[in-house]
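In the working numbering, the protein residues as written are 99 to 445. No residue lacks a Cβ here, since even glycine has one placed at the ideal position from N, Cα and C. Notes to accompany the following structure.
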Ligand code: SF4
């Protein structure tokens with residue numbers, strides 16, 4: 099997977115490493131492909147009149163997807179809390195006082211029971227999330243067993259375990275993993291305001307390992323963190339310029355949790371207008387036409403009408419089930435009622 103040129107530049111600067119900067123400068127210009135999407139071009143899509151933007155997004159959506167079908171994924175936290183990272187939005191970081199305890203890895207039979215329940219409720223993909231900077235080797239072995247067991251239940255499998263070292267992506271692939279989630283979170287220029295314990299290049303390295311192992315890439319971000327519209331355009335441009343772009347693009351609307359730095363910074367007030375969230379979905383659809391664009395965290399706060407606009411804008415996947423990793427989600431009955439009211443089938 100090739101790396102967007104803007105990230106190579108940002109990485110060298112952020113690392114403050116003369117060697118890295120020199121390596122970037124020494125690279126022949128011809129070896130760096132121009133990005134398919136400039137931030138300016140993505141920002142211009144955001145600026146379209148709302149009805150024009152939605153019309154274009156819906157037309158693009160219909161070229162590549164059934165317009166009446168939404169894919170359902172269920173997410174289970176297999177290892178909650180106690181994370182060493184400092185993501186400013188996350189209640190699972192050990193350093194923040196959010197009331198989320200450091201729990202042990204779930205037992206395999208608990209995971210399989212949850213997967214069976216998700217399948218019975220209509221989910222086609224089961225995602226297992228662990229609050230780690232990345233899995234240690236002793237952590238990975240039981241997760242590989244979980245992947246095998248969930249796969250044997252006839253579900254697609256997805257994991258989000260943090261950064262992967264050499265060989266770990268291949269081990270997951272060999273166990274039957276279909277998707278690996280690793281979000282870019284935000285635009286490179288804003289990343290240091292949100293996370294300091296790793297940099298953008300680390301994220302891209304894991305995405306490259308996942309891609310090289312032949313696992314589908316699930317990669318998106320979070321909006322409503324106080325970023326500008328240009329910041330949102332920068333995130334979408336980064337995602338759309340991954341080569342190839344992700345098969346699955348979760349777009350999260352920040353749920354501010356008390357005790358996290360972003361809750362302190364934003365005061366619990368939504369930092370993004372609902373229609374701007376809809377625009378973000380539409381721009382993701384236009385720039386990544388074949389991707390599954392997933393409504394993720396923050397759906398409950400959006401309400402039914404805004405979610406309906408998101409489906410019109412090209413969203414075609416949701417997280418389904420009463421909890422995400424640690425925050426609430428619309429309950430299953432409410433989702434069924436909404437999909438039924440909209441005449442949307444599930445896959
Ligand atoms: S988002 Fe993931 S890596 Fe960051 S603190 Fe939370 S659990 Fe850890």
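Per the DSSP calculation, residue i is bridged to which residue(s)?
i: residue 351; result: 321
i: residue 223; result: 171 and 254
i: residue 148; result: None, per the DSSP bridge assignment.
i: residue 417; result: 171
i: residue 194; result: In the DSSP output, where bridge partners are listed per residue, residue 194 has none listed.
i: residue 391; result: 347
i: residue 314; result: 277
i: residue 444; result: 168
i: residue 181; result: 191
i: residue 228; result: 177
Would you mind sorting residue i into buried or exposed? The rule is 16 or more other CB atoms within 10 Å of its CB.
i: residue 177; result: buried
i: residue 433; result: buried
i: residue 233; result: buried
i: residue 318; result: buried
i: residue 348; result: buried
i: residue 172; result: buried
i: residue 250; result: exposed
i: residue 202; result: exposed
i: residue 342; result: exposed
i: residue 445; result: exposed
i: residue 435; result: exposed
i: residue 147; result: exposed
i: residue 132; result: exposed
i: residue 326; result: exposed
i: residue 124; result: The predicted model places residue 124 with a pLDDT of 41, which falls under 50 and marks its position as unreliable; any figure quoted below should be read in that light. Answer is exposed; the Cβ neighbour count stays below 16.
i: residue 218; result: exposed
i: residue 109; result: In this prediction, residue 109 scores a pLDDT of 32, lower than 50, which makes its location untrustworthy; the coordinate-derived value is nonetheless stated afterwards. The residue in question, residue 109, is buried, as its Cβ has 16 or more Cβ neighbours within 10 Å.
i: residue 429; result: exposed
On a CA-only basis, which of the options is nearest residue i? Give me that one, please.
i: residue 431; options: 398, 259, 257 and 393; result: 398
i: residue 276; options: 286, 156 and 346; result: 346
i: residue 150; options: 377, 418 and 390; result: 377
i: residue 208; options: 243, 414 and 418; result: 243
i: residue 391; options: 168, 291, 224 and 247; result: 168
i: residue 401; options: 351, 286, 148 and 226; result: 351
i: residue 311; options: 265, 290, 442 and 325; result: 265
i: residue 373; options: 321, 238 and 355; result: 321
i: residue 278; options: 419, 256, 226 and 329; result: 256
i: residue 141; options: 218, 263, 315 and 330; result: 330
i: residue 139; options: 231, 325, 252 and 335; result: 335
i: residue 447; options: 429, 415, 428 and 199; result: Outside the displayed range of the chain (99 to 445) lies residue 447, so it cannot be described from this structure.
i: residue 410; options: 289, 375, 200 and 396; result: 375
i: residue 289; options: 263, 305 and 324; result: 324
i: residue 450; options: 300, 206 and 396; result: Residue numbering for the chain in the displayed model covers 99 to 445; residue 450 lies beyond these limits and cannot be assessed.
i: residue 166; options: 408, 194 and 429; result: 408
Roughly how far, in whole angstroms, is the beta-carbon of residue i from the beta-carbon of residue j, given that I think they are within contact range, below 8 Å?
i: residue 197; j: residue 190; result: Rounded, the Cβ-Cβ distance is 11 Å, inconsistent with contact.
i: residue 161; j: residue 344; result: Actually they are not in contact, since the Cβ atoms of residue 161 and residue 344 sit about 19 Å apart, beyond 8 Å.
i: residue 333; j: residue 284; result: 5 Å
i: residue 221; j: residue 170; result: 5 Å
i: residue 440; j: residue 406; result: 6 Å
i: residue 309; j: residue 315; result: 6 Å
i: residue 231; j: residue 183; result: 5 Å
Tell me whether the beta-carbon of residue i lies closer than 8 Å to the beta-carbon of residue j.
i: residue 158; j: residue 412; result: yes
i: residue 174; j: residue 212; result: yes
i: residue 384; j: residue 143; result: yes
i: residue 380; j: residue 155; result: yes
i: residue 294; j: residue 280; result: no
i: residue 181; j: residue 358; result: no
i: residue 267; j: residue 313; result: yes
i: residue 254; j: residue 223; result: yes
i: residue 296; j: residue 261; result: yes
i: residue 364; j: residue 354; result: yes
i: residue 210; j: residue 248; result: yes
i: residue 302; j: residue 186; result: no
i: residue 417; j: residue 394; result: yes
i: residue 419; j: residue 228; result: no
i: residue 238; j: residue 282; result: no
Hey, is residue i close to ligand 3, as in C-beta under 7 Å from one of its heavy atoms?
i: residue 156; result: This structure simply doesn't include ligand 3; it includes ligand 1 instead.
Should residue i be flagged as near chain C, meaning a C-beta pair shorter than 8 Å?
i: residue 133; result: Considering every chain present, this structure includes no chain C. It has just one protein chain.
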